[in-house]
Amino acid sequence: MGRSGGIFNIDWSILIPVLILVVLSLATLFSVNTVYFKSQLFYLIISFFAFIFFSNVDYRVFQSYKGLIYIVSILTLLIVLFLGIESRGAVRWIDIFGIRIQFSEILKPFLAVSFSSFLANLKNLSLKSFFYALFIIFPIVILVEIQPDLGNALIYVIVAFFTLLAFGFSYLWFLLVSFLGILSLPFIWNFLHDYQKQRVLTFLNPSRDPLGSSYNTIQSVMAVGSGMFFGKGLGEGTQSLLKFLPERHTDFIFATLSEEFGFVGSLILILSFVFLLYKIFQIFLNSDEKFCKIFSSCAFFLILVQFFINIGMNVGIVPIVGVTLPFVSYGGSSLLANFILLGFLSSISKSLKDKDTLEIR
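Using our numbering, read the sequence shown as starting at 165 and increasing by one per residue.
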């Protein structure tokens, strides 16, 4: 895994596909609005330094503070509910020195460390251990959903489930929880906000309200399809530039990118994600420590689930739940969180390389 010395002693192979994604992101944001471009470039610089920092800090340092990370995460989410800024009916952000921070995003890599550490310390794979693991993630999911942030709440749940499955828990436990989840759907439905219910109904019948709840999905699918093979060109996307496509720089940036860069641009983006996931999977396979295996699987699913949901939203096969596309969607909190996650992975990869060097000697 190509490396160099000093502070840049990092796993460059895991960074290369991300740099391709970032370039695609900046090009798309530049065509949408130069203000978004400049802001994202600023966030990118901060995120890159964060990546360098976490790449060069031994991941075991954070692993040893799993309990503190978990408690601070819960307290932070509580603070957001009471002191956060309300926007579009949701309280998800805290304003710090004029910068809005979304902690449900920022906390993802740290909670992945904490969750993986708790799992690594489990003595068995019993039903009791399984529900203990679910109990750990439950308060986080509830606090995020209360904001409300259904998208991130779903991500926490799905990623936790897949991580537990990869960890080796019995399929019977998953079937049991899934069955209980299906039985509780009518109960959960009553707690959804009206706009969330509309999104589900729109997904089931996209043509039910083409100028209302179905509008976003219809415009997104049109933008993706209109890009054809090579796209309309940078700054030439009619759906996005004429603002027919809502949230064209965040949730629907893939549709914007597809319209301007076509199938070729979309393919480059998808292949970059595939290569990134492949490199993370390699870290999983090469890891001997239980924590490293769990964390790398958690990181793998964290990126995969967000990728699948966001692309699915853009092409109309997944309900709109407000999930960003990692490293591509506009937003400093999401970008920083993903680069920190990448930093932890690079730190683990570095330790594997160092171990191989010692064994050769």
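Built from N, CA and C at the ideal position, the CB exists for glycine as well.
Just so it is clear, the structure is predicted and the values come from calculations on it, not from any experiment.
Exercise for the section: Within the same chain, show all residues whose beta-carbon is closer than 7 Å to that of Ser-513, passing over the 5 residues directly before and after it, in chain order. Expected result: Same-chain partners within the cutoff: Met-165, Asp-175, Ile-178, Ile-447.
Handout entry: Cβ pair Ile-504, Val-487 closer than 8 Å
Key = Contact flag unset, no.
Exercise for the section: Mind checking which residues open and close the beta strand (DSSP E) that includes Ser-348? Expected result: DSSP places Ser-348 in no beta strand (DSSP E); its state is neither H nor E.
Exercise for the section: Compute the Euclidean distance between the alpha carbons of Leu-506 and Ala-387, then round it to the nearest angstrom. Expected result: Taking the straight line from one Cα to the other gives about 31 Å.
Exercise for the section: Mind reading off the beta-carbon distance from Ser-281 to Lys-230? Whole number of angstroms is fine, and I expect it under 8 Å. Expected result: About 4 Å separates the CB atoms of Ser-281 and Lys-230; that is less than 8 Å, so the two are in contact.
Practice task
Please work out which residues of its chain come closer than 6 Å, Cβ to Cβ, to Gly-399, disregarding the five sequence neighbours upstream and downstream, and give them in chain order.
Solution key: Cβ neighbours of Gly-399 beyond the five flanking positions: Ser-195.
Practice task
List the DSSP bridge partners of Ile-249.
Solution key: Looking at the DSSP assignment, Ile-249 forms a beta bridge with Trp-257.
Practice task
Could you check the C-alpha separation between Lys-287 and Tyr-296 for me, to the nearest Å?
Solution key: Cα to Cα, the separation comes out at about 12 Å.
Practice task
With DSSP as the reference, label Gln-311 as helix, strand or coil.
Solution key: Gln-311: coil per DSSP, three-state reduction.
Handout entry: Alpha-carbon spacing of Ser-511 relative to Leu-298, whole angstroms
Key = Going from the Cα of Ser-511 to the Cα of Leu-298 covers about 27 Å.
Practice task
Name the two residues that bound the continuous alpha helix (DSSP H) containing Ile-174.
Solution key: Taken as a continuous stretch (DSSP letters only), Ile-174 belongs to no alpha helix (DSSP H), as it is neither H nor E.
Handout entry: Range of the contiguous alpha helix (DSSP H) that encloses Arg-224
Key = Element bounds for Arg-224: 223–227.
Handout entry: Span separating the alpha-carbon of Val-255 from that of Val-321
Key = The C-alpha of Val-321 is placed about 20 Å away from the C-alpha of Val-255.
Problem - Val-182 versus Phe-215, Ser-460, Ser-228, Lys-202, residue with shortest Cα-Cα distance - result: Restricting attention to Phe-215, Ser-460, Ser-228, Lys-202, the CA atom closest to the CA of Val-182 is found in Phe-215.
Practice task
Check whether the Cβ atoms of Ile-444 and Ala-463 lie closer than 8 Å to each other.
Solution key: Taking 8 Å as the Cβ cut-off, Ile-444 and Ala-463 qualify as a contacting pair.
Handout entry: Top-ranked residue by Cα proximity to Phe-459, from Phe-213, Ser-203, Asn-285, Ile-258
Key = Phe-459 has its Cα closest to that of Asn-285, out of Phe-213, Ser-203, Asn-285, Ile-258.
Exercise for the section: Out of Leu-271, Thr-192, Leu-499, point me to the one whose CA is closest to Ala-317's CA. Expected result: The candidate whose alpha carbon is nearest that of Ala-317 is Leu-271.
Handout entry: Local conformation of Ile-481 per DSSP, three classes
Key = Coil.
Practice task
Answer yes or no: do Gly-429 and Ser-436 have a C-beta to C-beta separation smaller than 8 Å?
Solution key: Going by C-beta atoms, Gly-429 is not nearer than 8 Å to Ser-436.
Handout entry: Run of the alpha helix (DSSP H) containing Leu-283, from where it starts to where it stops
Key = Going by DSSP, Leu-283 is part of the alpha helix (DSSP H) stretching over 272–284.
Practice task
Starting from the C-beta of Lys-454, find all residues in its chain whose C-beta is less than 7 Å away, skip the five residues before and the five after it, and write them out in chain order.
Solution key: Sequence-distant Cβ neighbours of Lys-454 in its own chain, meaning closer than 7 Å and more than five residues away, are Ala-284.
Practice task
Quick one: give me the first and last residue of the beta strand (DSSP E) that Arg-264 is part of.
Solution key: Following the DSSP letters along the chain, one finds Arg-264 inside the beta strand (DSSP E) bounded by residues 263–266.
Problem - Glu-423, enclosing alpha helix (DSSP H) - first and last residue - result: Per DSSP, Glu-423 belongs to the alpha helix (DSSP H) from 417–450.
Handout entry: Nearest-angstrom Cβ-Cβ length linking Leu-409 and Gln-383, presumed shorter than 8 Å
Key = Your pair Leu-409 and Gln-383 checks out as a contact, with CB atoms roughly 5 Å apart and the cut at 8 Å.
Problem - Same chain only: Cβ atoms within 8 Å of Gln-470, ignoring 5 sequence neighbours per side - result: Counting only residues of its own chain and dropping the five nearest sequence neighbours on each side, Gln-470 has a CB closer than 8 Å to the CB of Ile-319, Val-487, Thr-488, Leu-489, Pro-490.
Practice task
Measure the alpha-carbon distance for Phe-418 versus Asn-478 and round it to whole angstroms.
Solution key: For the pair Phe-418 and Asn-478, the Cα-to-Cα distance works out to about 7 Å.
Practice task
Would you check if the distance between the CB atom of Leu-188 and the CB atom of Gln-204 is smaller than 8 Å?
Solution key: In this structure, Gln-204 does not lie closer than 8 Å to Leu-188 by Cβ.
Handout entry: Sequence-distant residues of the same chain with beta carbon closer than 8 Å to Lys-396, five excluded per side
Key = Contacts found: Ser-390, Thr-402, Glu-423, Glu-424, Gly-426.
Practice task
Can you grab the Cα-Cα spacing for the pair Asn-220 / Asn-173, in whole Å?
Solution key: Linking Asn-220 to Asn-173 through their CA atoms gives a straight-line distance of about 7 Å.
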